[in-house]
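Trainee:
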Amino acid sequence: MARMIGGSPSDRWEREVKRELKLQLPDRWVVVSDVSYSIREDSGYIRDGQADFVILVPDKGLVVLEVKGSKGVAVTSQGDWLLLNESGAKKKIKSPPKQATRNSHNIATKLAELLGFDSFPGLFGWIVAYPNGIVAGPLDMYHPNSVLSKPHMTSLKKAVLATLAERGPEKLGRQFGKDLVDKCANYLVNGNFIVDAIDTALDSSETSHQVEKLTDQQFACLKGIFDLKDVGVIGPAGSGKTLLAMWRLQAALDEGMNAIYVCFNRVLAEYLRLKFCDLTASIHSIDKFFTDLTSLRNDGSSDFFARRLPEEVMDRSFTLEQYDLIIVDEGQDFLGDRVLALRFLLKDDEDSRFLMFSDFNQRLYHDADEMQNWPDVTFKLLHNCRNPASINRATNAICDTDFQSMPEIADGVPPAISMVDKEKMALEAWTLAYELRPRGGSVILSPYSFENSCMSRGPDVWHKLRLTEDPNHIGMEGYVYFSTIKSFKGLEAEHVILIEMDVPNKTRALGNEDIFVAFTRATSRLNLLTSSKEALDFYSERSSRAIGYF
């Protein structure tokens, strides 16, 4: 089976084709889905493009495959492409072969540039697939394997090889060895690690930056979580753990595996269900998942969720649904027997898989042994891919960590730290939210619940922006989202405002781990508000040290 990487298609027919590609193509081949790119044209302008799939064939080259879900398409004698609906009506559309041709040339040219070659070191071509229908009309201008319809969906390997066979001499294809395949795969998945700067009234000069490749650690980890049976991944906030988990979950479901993803944070599970709509049924928060399985009621005991509930799952496991793959995120917070109980739900066969992601710098709820029930093989991620480099440096200085920023990531704007009277803090938070994100989308985080925070004493609407605690509204226009720091663990936002901040460990509500979580949420801008002179000095001095000022 081919190795599948890249984004998860939202379109039904793209998912069907992805499943067929994985089953039909050899294991040395790599298929990258949902590839986006940008090129600069001769005119000097940037043109964006997107391809459904890029198939990398060792010792041959690449094929761009575009998927069209239409049931009926006709080509006229004039070469016009028509979309046919069920009523028989016809609508002229852009030529899919032209789109695929342009994508294949653009992607080959872009990869050649990234690899340091004058031209692409291999053969390249394109295919348009109609997995749900047929194409009626003359296709004399195209290679017989260039436009495929439903009857041809079982012959994808043959079509790819035939497409490449007549694109150039065989010796050109032999240049495209396994090392170049891996490098191209690295480049083609770059679109999933992006830090977008915010256009604001205060500073519109900061531009978006796109990271060009996965780090070596991420690529090795990606291979490991697909190939190995029992895998643990340790990495800092923003290192791509949850995204890798979603990729693996999607691939497993595409293969027909019975797979689930479980995390500790209920809000994170809700957010991921909204973001990855086609994976909703397989995403769970651990305590609700176990409660639903057992129908056991919380008796109020201090160890109900950590001990009693998991023990009940283990006792009933022989009657419960068993899984081919179980993915655990936020593993550092799975106190007690939660992980062990999940292992009881794993099928007892050679093909079953267990995958666990953790960051012990974000261990907010307990001091348990970090290696409890840990998998057999461990991969470590070292790079922070979420925060601009200036925020990452400040986080390292304040939290005594030493995590590297993703190579070539945007430096961005350092955290802005201000002292504000308690009575005025809510209004200052609103002002920052409006000035930096006037359309909405900012997030306000506090060590305290809304009822105990200063925001409960301020307005709930400001310049038409509404304060909300509904995860459905995270990042949405018209809203400013409020959350405790703990509940926002695993989530992110372009602009984060930290309120009611104090010196770490001065109160039970704000420990070192909470500070780390708070500082690593922002993908572009971070504001910190405090009413304490001691806290102002603490954060300002350490943050200044991170940018070279003492």
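Residue 10 is where the sequence shown starts when you use this note's numbering, and the numbers rise one by one after that. Built from N, CA and C at the ideal position, the CB exists for glycine as well.
Looking only at DSSP bridge pairs, what is V386 linked to?
Mentor: V240
Trainee: Out of curiosity, what's the CA-to-CA distance linking K431 and V198?
Mentor: Each residue's Cα considered, the two are about 46 Å apart.
Trainee: Taking one C-beta from the region 468-478 and one from the region 505-522 each time, how about it: are there three or more such pairs within less than 8 Å?
Mentor: no
Trainee: Nearest to D566 by alpha carbon, out of I48, T110, K232?
Mentor: Residue 566 lies beyond the residue range present for the chain, which begins at 10 and ends at 559; the question has no answer from this structure.
Trainee: What is the C-beta distance between F3 and P67, in whole angstroms, given that I count them as a contact (C-beta under 8 Å)?
Mentor: In the structure as shown, the chain starts at 10 and stops at 559, and residue 3 therefore has no counterpart that could be examined.
Trainee: Do V40 and L34 come within 8 Å of each other at the CB atom, strictly closer than that value?
Mentor: yes
Trainee: Roughly how many angstroms separate the alpha carbons of F525 and P245, rounded to a whole number?
Mentor: 10 Å
Trainee: Run through DSSP, which three-state label would Y196 get?
Mentor: helix
Trainee: DSSP state of V422, grouped into three classes?
Mentor: For V422, the secondary structure class from DSSP, reduced to helix, strand or coil, is coil.
Trainee: Which residue or residues does DSSP assign as beta-bridge partners of Y270?
Mentor: I292, I336
Trainee: Taking the DSSP output, what are the residues bridged to G15?
Mentor: S42
Trainee: Report yes or no: do the region 294-301 and the region 252-261 share at least 3 C-beta pairs separated by less than 8 Å?
Mentor: no
Trainee: Which one or two residues does DSSP pair with M428 in a beta bridge?
Mentor: T539
Trainee: Select from S42, K542, N521 the residue whose C-alpha is nearest the C-alpha of L1.
Mentor: In the structure as shown, the chain begins at 10 and stops at 559. Residue 1 is therefore absent and cannot be evaluated.
Trainee: For R311, count neighbouring C-beta atoms within 10 Å of its own C-beta (all shown protein chains included) and say buried if the count is 16 or more, exposed if not.
Mentor: A quick correction: the sequence has Ser, not Arg, at residue 311. The residue is exposed, with fewer than 16 neighbouring Cβ atoms inside 10 Å.
Trainee: Quick one: is S214 buried, meaning 16 or more other Cβ sit within 10 Å of its Cβ, or exposed?
Mentor: Caution applies to S214, whose pLDDT of 30 falls short of 50 and renders its modelled position unreliable; the value that the coordinates give is listed next. Exposed: under 16 other Cβ atoms inside 10 Å.
Trainee: D338: buried (16+ other C-beta within 10 angstroms of its C-beta) or exposed?
Mentor: Of the other Cβ atoms in all chains shown, 16 or more fall within 10 Å of the Cβ of D338; this residue is therefore buried.
Trainee: Could you tell me the alpha carbon to alpha carbon distance between W22 and P397, rounded to whole angstroms?
Mentor: If I take the Cα positions, the gap works out to 37 Å.
Trainee: Closer than 8 Å by C-beta to V429: which residues in its own chain qualify, once you throw out the five before and the five after it? Chain order, please.
Mentor: E437, L538, T539, S540
Trainee: Indicate the three-state DSSP secondary structure (helix, strand or coil) for F62 in the structure shown.
Mentor: strand
Trainee: According to the Cβ coordinates, are V63 and V76 closer than 8 Å?
Mentor: no
Trainee: In whole angstroms, what separates the C-alpha of L123 from that of N115?
Mentor: 12 Å
Trainee: Whose C-beta lies closer than 8 Å to the C-beta of D346 among residues of the same chain, with five residues either side of it excluded?
Mentor: So the qualifying residues of the chain are A315, R316, P319, E320, M323.
Trainee: How would you label M10, buried or exposed, when you count the other beta carbons within 10 angstroms and need 16 or more for buried?
Mentor: Under this definition M10 is an exposed residue.
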